[in-house]
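Novice:
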Amino acid sequence: MRILVTGASGKLGSQIVESLAEKIPTSHIIAGVRDTQSEKAEAFIGQGIEVRETDFEKKDTLVQAFQGIDRVFIVSTFGDADSSIRQQTNAVEAAVEARVAQIVYSSAPRADVSEFFLAGIHRIREEIIKASGISYVFVRNNWYVENELGTIQQCLNGAPWVTSAGTGHVGWVYRPDLAEATANVLIGDGHDQKAYELSGENLTQQQFVGALNEVTDKDIPLLAVDDAAYGEMLTGAGLPEDLVTILVMTQQGIREGGLENTHSDLEMLLGRKPTSVKEALQQLLS
Ligand SMILES: NC(=O)c1ccc[n+]([C@@H]2O[C@H](COP(=O)([O-])OP(=O)(O)OC[C@H]3O[C@@H](n4cnc5c(N)ncnc54)[C@H](OP(=O)(O)O)[C@@H]3O)[C@@H](O)[C@H]2O)c1
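If you read the sequence shown in the numbering used here, its first letter stands for residue 64, the second for the next number, and so on.
1. On the CB-based measure, 16 or more other CB atoms within 10 Å of its CB, does lysine 103 come out buried or exposed?
2. Is any non-hydrogen atom of ligand 1 found closer than 6 Å to the C-beta of aspartate 118, if you look at the structure I gave you?
3. Just to confirm, is the Cβ distance from valine 167 to valine 248 under 7 Å?
4. What I want to know is whether the C-beta of glycine 76 ends up closer than 6 Å to one or more non-hydrogen atoms of ligand 1.
5. What did DSSP end up calling glutamine 314 once you bin it into helix, strand or coil?
6. Helix, strand or coil for valine 163, going by three-state DSSP, please let me know.
7. Nearest-angstrom Cα distance between tyrosine 237 and glutamate 209?
8. If I measure Cβ to Cβ from threonine 89 and keep anything under 7 Å in the same chain, skipping five residues before and after, which residues do I get?
9. Starting from the N-terminal side, write out each stretch of the beta strand (DSSP E) that is 3 residues or longer and does not extend beyond the region 143–220.
10. Determine the DSSP secondary structure at arginine 335, reduced to helix, strand or coil.
11. Between the C-alpha atoms of glutamate 105 and aspartate 98, what's the straight-line distance to the nearest angstrom?
12. Look up asparagine 324 in the DSSP assignment and say whether it is helix, strand or coil.
13. Hey, valine 159 and leucine 266: beta-carbon distance below 7 Å or not?
14. Can you find a heavy atom of ligand 1 that lies under 6 Å from the Cβ of arginine 115?
15. Consider the Cβ of glutamate 342: report whether some Cβ of chain D lies at a distance smaller than 7 Å.
16. So serine 327 and leucine 261 are in contact, right, with Cβ under 8 Å, and what is the actual spacing, rounded?
Here it is in structure tokens:
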């Protein structure tokens, strides 16, 4: 069986390739990247992993790259709705043309029903895959612990943990766990037409800061504000307006339960307990 991972130059994609390489011969793994001359691409080749160009904006690269591939991992890309839909359509049409047997797509928590602002585009991207008739598996990834590293750094430099998310829970998940679970799906059987909710530990902002304080032996305070004050603080810190809007909507969505872990398939796919937030922070901050 030959498996191609798109976005293999990225953090999740490269961790999926890494995990696959621990489980199956590297001759069965193909790393899909936009830049086949990059250091990352060279490193894959050095490991005996074939590299192919996969640019979602260039359908011909996808049709070419997917030749002889049984299963393909399609990474979600971050962009406006038009480009996301165009890129997803290119990838899915290419998979159909190249007769790929299965698509595994990295989606968002409860993408089919969620009102979280990031879920809508994933719902559309899932629908594009479903409409193609190809076999699929959706791995609906919750919030990476790694997303917080920038804020953590500021807190370690003396800032408080500012939040308008109230007591909303987040199923924070360690990205290597998502990569390993996705690799297990890609090499496993019986996953067709499944949507897996992949979440970690369910914590409030206060509990997350508690874990951070334990790991760093600090006493970082939590500063609870409303959305308006949160946005003003980010604007005051010089963040661009678009990003401020996204960050405020994230806090609002968390407060309303959009990232709460209501049910996780992660332990089942990993065959072990997922990494806790505390363990993840220990790894990331060591
Ligand atoms: N669940 C979460 O908390 C969370 C957080 C952040 C992001 N995400 C989503 O999950 C995805 C994977 O996360 P990540 O940490 O691996 O992000 P990442 O490190 O930014 O990787 C994104 C990958 O997508 C590739 N890519 C972007 N545009 C492309 C295009 N037009 N054609 C082909 N490849 C393209 C990038 O290739 P290049 O190296 O060539 O740019 C890169 O390999 C992200 O893209 C985003 O949609 C989820």
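All C-beta atoms, glycine included, are put in the ideal place defined by N, C-alpha and C.
Specialist: Reading off the structure:
1. It counts as buried.
2. Under cutoff, so the answer is yes.
3. Between valine 167 and valine 248, the C-beta spacing is below 7 Å.
4. Yes, since a heavy atom of ligand 1 falls inside the 6 Å radius drawn around the Cβ of glycine 76.
5. Note: glutamine 314 maps to helix in three-state DSSP.
6. DSSP places valine 163 in coil when its eight states are reduced to three.
7. As the crow flies, the alpha-carbon of tyrosine 237 is around 7 Å from that of glutamate 209.
8. Non-local beta-carbon contacts of threonine 89 in its own chain, meaning distances under 7 Å to residues more than five positions away in sequence, involve Gln110, Gly111 and Ile112 in chain order.
9. The region 143–220 contains these whole beta strand (DSSP E) runs: 165–170 and 198–204.
10. In this structure, arginine 335 counts as coil in the three-state DSSP scheme.
11. So the two alpha carbons sit approximately 10 Å from each other.
12. Three-state DSSP puts asparagine 324 in coil, outside helix and strand.
13. Not closer than 7 Å, so no.
14. Using a cutoff of 6 Å, the CB of arginine 115 does not count as near ligand 1, since none of the ligand's heavy atoms is closer than that.
15. Within the model displayed, chain D is absent; a lone protein chain is all it includes.
16. Yes, they are in contact, since the Cβ atoms of serine 327 and leucine 261 sit about 6 Å apart, within 8 Å.
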